[in-house]
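All you need for this note's numbering is the position in the sequence shown, starting with 1, plus 700. Glycine included, each C-beta is placed from N, C-alpha and C at the ideal position. Quick caveat, the model's predicted, so the values are computed rather than measured. Notes for the one structure printed next.
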Amino acid sequence: MSSSDEDLSHISIEFGEQDSKEAQKRKVAFRLGFCAVVLVAISFVVLIVATSIGWVKTFSFFENLFGTSIPDHILRLPDYVRPLTYNLKMKVYLPSYPDVPPEKEMTFDGEVDILVEVLAPTNLIILHMLDIAIKNVHVSMNGEDIFVKHKSIERMEVGVFLLSSTIPADQHIRVKVIYTGVIQNDRLGGLYKTSYKDIDGSLKIAAVTHFEPSHARRMVPCFDEPAFKAKWTVTIIHPERTTAISNAKEIDTIRETNLPWRTTSFEETPKMSTYILAIAVSEFKFVEGHTKADVRVRVWSRPAALNRTSKDLPTGIWFLDFYNSHFGIKYPLPKLDMVAVPDFSAGAMENWGLNTYIESVLWSDSQFSGTVTVAHELAHQWFGNLVTCMWWNDIWLNEGFATYMSFEAMKPLTKLFLTDVIENALEADSVATSHPLSFKIDRPVEVVEGFDTVTYFKGACLLGMIAALMGEENFNKGIKRYLMKFSYGNARSQDLFDVLDTVTTQLEGPDGNNLSVKRFANQWTMQMGFPLVTVEAVNSSLFKITQSRYKKNPNAVEVEKYRNPEYGFKWEVPIWYQLDDEPVKLAWLRRDSPLHIFANTERSTLVVNAERRGFYRQNYDEKGWRKITQQLISNHKIYSKDTKEAIIYDAFAAAAINRLNYTTVLRLLEHLERKKEYFWLQAASAGLRHIRRHIYTEKGLVSFQRYVRKLLGTHPLEASSFWMKPTGENCKAEDAEECSAKYVKIFEEGVLSKCESGTRASSCVELPIPERSAAYCYGIKELGNQAYDTVMELLRMETVPDERERLISALGCHKDISVLRSTLELATNREQFRLQEISGVFEAVASYSVSSGLVFNFLLENWNKIYGR
C-alpha cells in the first residue's frame, strides 16, 4: 500500500467508517456538547428577539369588554377598516440636551391623525400599540365628533376604541390619538437609543427606529401589518443641535423662537407598510451625491466614522441606477438616506428612503460583504417596499427576491452565489427544523422565525431555478409585469407564479405540456426539504436517475404542519445534465418514476445538476464517482467552475449521510494538487474542516495533515491561512509549537509593545489584518491574563466594528475556565459590549473544546438575568 493510500485509509478509518468505541464516544460527546452550546446560544439570541414582540394568540381576551364582544381573530387585526393616511407629529426628548426635563428624558410625545376607510358597518376600531400611554382620543366623521371609549390592552399590544354609533360601510372617519411613549433603552426595536463616543470623547445619544416585523406599534398607534398600507406625513420636533430624517424628503426645518428646539417637516410618503416607516434623530454627519435620475443619496454616520462609511456613497448610487434601469420602474422617492447605526439588531433594514445599517456593514474591511448588503437593501426598495408580501407567511417574496437580485446586480461576482447562497440554503433545509418557504403562522413567534436562512437563501435559489427554466429574458419580463401589477400593493406567492405563467407559454414542463410555473413552484414553496438525485449505471449504455429526500438526520421528526401530504417530500426535478463534453441539456425527473439517460459509449461520464441550476444534491454509484474522478484528473476543463464546485460540495454532503464513503471523497480531491483554482479549494475547505474537527487520535491527525499538505503543498494559498479559521485553529495544519510561538511573538511585538493604555487597536496595531485574529488569540492562549487584559483594554477603547469583532473573537482563547466564565458574565454588561455583540462573546467562548460545556451551563444558571438583558 502506498503512503497516500495508507493516509486515506487512516483518515477514513478515523472519521467515519471503522471508528473505535473510544473515538466514537468522543465524537458523540463532542458533537452533542458543541451542538448544544451553539444551538442554545443561537436560541438565546432568537428567543430574546422573538419574545420581545410580546404578541398573544387571539383577541378572545376582550370578550364582553365595554358590553360587547370582539371577533376571535388570530394574530390579525379585523379587516373591516383600513388606513388611508397617517399624519404623525412627534417631540423627541433625548438626555443631555437643553430644555429636556429629567422626567421626560428617553421619552417622546406623539400625536397621530389617521384617516380610516370603513369597509363594513362597525362601531369598533382596533389599533396596534405597545409601551404607549394614551392621553386623549378624538374620532370624527364628516367633521362631526363621535363619542368614543378607549382601552389599552398592553399584553395584547392593542388599543380598542368603541364608538357610540355604528359607522356604515364606504365611509371615512378620522381617529386622532394624543399619547406619550418610551425611547427603548435595552431593546433594539421601536424607537430606541443608540450611543457612541464623539471625536472629543464625549458620549452622544441618538434615537433611531427599527420596526420589522412588528415594532412600529411601539412608536405610534397604527395598523401594524404589512397589508395595511397607507401614506405618511411626518413632523418631528427635536433638540436644536440634532438633525431629524425620515422616509420622505424634508420640507423645511424651523427653529422655535427662544427655545432650543427645531421642527422638521417631511413630504408625504408613497403608500407603504408600517414596518418600513423610519425616523432618526442624531448629530450624525453625511456625504451626498446624486443618481442619474437626480435622486439625492446621502450616507450618514457619527462624525468619526464618516471617512470610512462614505465609501459606500458611490455604491448606493450605482445600485439605485442599476435597479431603476433593470426593473423599468423608477425609484419613487426624491432621496435615499443610508444611515450607519452603532447599535442595531439586524445587519440592515430597507426602510423606504431611509435604509439603516449596522455600522460594521458600512465600515467593513470586506468590501464584498458591505456591497452585497447595500445591493440587498436597495433591491428591497422594489421587492418588499413597492410590492410587499400580503402576510409574513410569504416573507420569502421580500427576502428571496432581494437576495437573488443583489447577486444579479453584481454579475461579475455572481460565481460566489454558489457558496454564499446555495450551500447555506441546502444546509439549512436539510434538517428537520427547517420549514416551507410559504408556511402557516399559528403563533406570533413564528413570524420572527421566518426571517432565516431558508427564507432568504432558499427563496433566492428557487427564483434562480425558475429563471434558469424560463430563460433570463422571459424571467425578467415576468418580474417587471409582477412589479407593475402590484405596485404600492401586496402580493402572495401565487400572484407571482400566475404572472410568470403569462410568459412561459412555449416552455415544456415535466408532463410534456406547457410548463406551469405555479404547479412547479408550489412543490418547492409548500413543502420543506429538497431531493438527493442519484445516478446509477443500468448497463453499459443506460443511466437511471432516481430521487429521495436529502435529510441530515433521518430519525428527526418535522413539525406536523410542515409535512405536506400532497407532495410527500417528492418533486418534479429539472435535471440539467452533461454527458461527456457535450453541451448541458435539460430533462425532467418525475415525482414517482425514474429518468433514463442513454450513454454515448461504455466509458461515458454523466454529471447531473450541471451549472448548479437546480436546488438539489447529486450522488452516483461507485462506478460513476470513479469516472468523474478520472475525468477531473484527465481533463477537468470540460466542466464549468460551478459544475466542478457542485461535485465537490455534493460528494461531502453524500458522505455526511452515509451515502458515500469518505475514501471516495478524498480520492476525488486528489486532482486538486495539480490545479490552482480558488473556487475548487473553497468547496473542498468546508468538507476538510468538518473532517478535521472529528479526528481525535494522533495517528489519524498525522495522516490527515500529510494528506492536506500533499493536496495544497504547491498551491499559492497556504493551508493554514486558507482552509483553517484565522483563530486558534491556524496551527493545526503545521507544527503546533512552532506556529504558536510565531503568533505569540507577533502579539508581543505588534500589540504589547505598540499599544499603550487608552489607545485603540485600530490605531496602534500595525499588523496585517489576516494576522490580527490569530495574534490576539495565541497571545491570550499562551500569555494568559497579561494578554487577556491587554485585549480587554483595547476592546474598551475600540470603535471600529471589524476590529471589535476580532478582539471579541479572541476572548474565548484563554485556557482558564474561570476567566472564560468571567467573560460570559461581562457579556451581560451593557457598558462593556453592545447588545448585538453578546452572541459573538458566547460564540467565541463556545468555539474551543476547553469550554464546550461552559456556555450551556452558564445559560441554564443565568437564564433569567440574560433574558432580562
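In terms of DSSP beta bridges, what is residue i paired with?
i	result
LYS851	VAL860
LYS893	ALA907
ALA1048	TYR1057
ALA824	At residue 824 the sequence reads Leu, which differs from the Ala that was named. The partner list for LEU824 (beta bridge, DSSP) reads LEU862.
PHE1587	Because the chain here runs from 701 to 1569, residue 1587 falls outside it and cannot be looked at.
MET806	MET806 is not bridged to any residue.
ASN1239	LEU1242
MET841	GLU844
ALA833	THR880
LYS1285	TYR1277
HIS938	ARG962
HIS872	GLU817
Go to residue i, then tell me how far its alpha helix (DSSP H) extends in each direction, as first and last residue.
i	result
TYR1362	1362–1369
GLY1100	1096–1108
GLU1272	GLU1272 -> no alpha helix (DSSP H), and no H or E assigned at all.
GLN1486	1485–1497
GLU1525	1517–1526
GLY1324	1322–1335
ILE1538	1538–1546
GLU1561	1554–1561
Starting from residue i and walking both ways along the beta strand (DSSP E), at which residues does that stretch end?
i	result
PRO783	781–793
PHE1298	1295–1298
LYS1341	Not the beta strand (DSSP E): LYS1341 falls in the alpha helix (DSSP H), residues 1341–1356.
TRP1224	Element bounds for TRP1224: not the beta strand (DSSP E) but the alpha helix (DSSP H), 1217–1225.
ARG1504	From DSSP, ARG1504 is part of no beta strand (DSSP E) but of the alpha helix (DSSP H) over 1501–1510.
TRP1455	As written in the sequence, residue 1455 is Cys, which differs from the Trp given in the question. Careful: CYS1455 lies outside any beta strand (DSSP E) and carries neither H nor E.
LEU777	Segment: none, LEU777 is in no beta strand (DSSP E) and carries neither H nor E.
ILE951	950–955
ALA944	943–946
LEU1535	Element bounds for LEU1535: n/a, residue is neither H nor E.
LEU1306	1306–1308
Using the C-alpha atoms, what's the distance from residue j back to residue i?
i	j	result
CYS735	ARG1143	Unreliable positioning characterises CYS735 in this predicted model, as indicated by a pLDDT of 45, which lies under 50. The coordinate reading is nonetheless provided below. Straight-line Cα distance between these residues: approximately 26 angstroms.
PRO1274	SER1138	21 angstroms
LEU1559	THR1528	11 angstroms
VAL1039	ILE834	31 angstroms
SER1025	ALA1310	31 angstroms
GLU1505	ILE937	36 angstroms
GLY733	GLY1553	Bear in mind that the predicted position of GLY733 carries a pLDDT of just 43, short of 50, making it unreliable; the figure below should be weighed with that in mind. Near 6 angstroms, if we compare the C-alpha coordinates of GLY1553 and GLY733.
LEU1200	LYS1185	12 angstroms
GLU958	LEU1097	One detail in the question is off: residue 958 reads as Asn in this sequence, not Glu. So the two alpha carbons sit approximately 51 angstroms from each other.
PHE1220	ILE1328	30 angstroms
GLN884	ILE1469	36 angstroms
TYR1478	ALA1546	17 angstroms
VAL1444	ALA1125	38 angstroms
TRP1052	ASN947	6 angstroms
THR953	PRO798	18 angstroms
GLY890	GLY901	28 angstroms
PRO926	ARG917	13 angstroms
GLY843	LEU863	15 angstroms
Here's the rule: buried if 16 or more other CB atoms are within 10 angstroms of the residue's CB, otherwise exposed. What is residue i?
i	result
PRO1042	buried
SER1045	buried
PHE923	buried
ARG1317	buried
TYR1002	Looking at the sequence shown, residue 1002 is not Tyr but Arg. Its Cβ being crowded by 16 or more others within 10 Å, ARG1002 is buried.
THR969	buried
PRO802	exposed
ALA1256	exposed
LEU903	exposed
GLN1278	buried
PHE1556	buried
VAL1238	exposed
ASN1055	buried
LEU784	exposed
Of all the beta strand (DSSP E) runs that stay within the bounds of the stretch 1119–1201, which reach a length of 3 or more residues? If only complete runs of 3 or more residues are kept, the stretch 1119–1201 shows the beta strand (DSSP E) at 1189–1191, in order along the chain.
Return the chain-ordered ranges of every alpha helix (DSSP H) run that is complete within the stretch 1004–1041 and spans a minimum of 4 residues. Taking 4 residues as the minimum length, the alpha helix (DSSP H) runs contained wholly in the stretch 1004–1041 are 1006–1009, 1013–1027, in order along the chain.
At 3 residues or longer, and completely inside the stretch 958–984: list those beta strand (DSSP E) runs for me, N to C. Segments of the beta strand (DSSP E) lying fully in the stretch 958–984: 961–966, 979–982.
Taking only runs that begin and end inside the stretch 1377–1411, name each unbroken alpha helix (DSSP H) of 4 or more residues, in chain order. Secondary structure in the stretch 1377–1411: the alpha helix (DSSP H) runs of 4 residues or longer, each lying completely within the stretch, are 1378–1392 in chain order.
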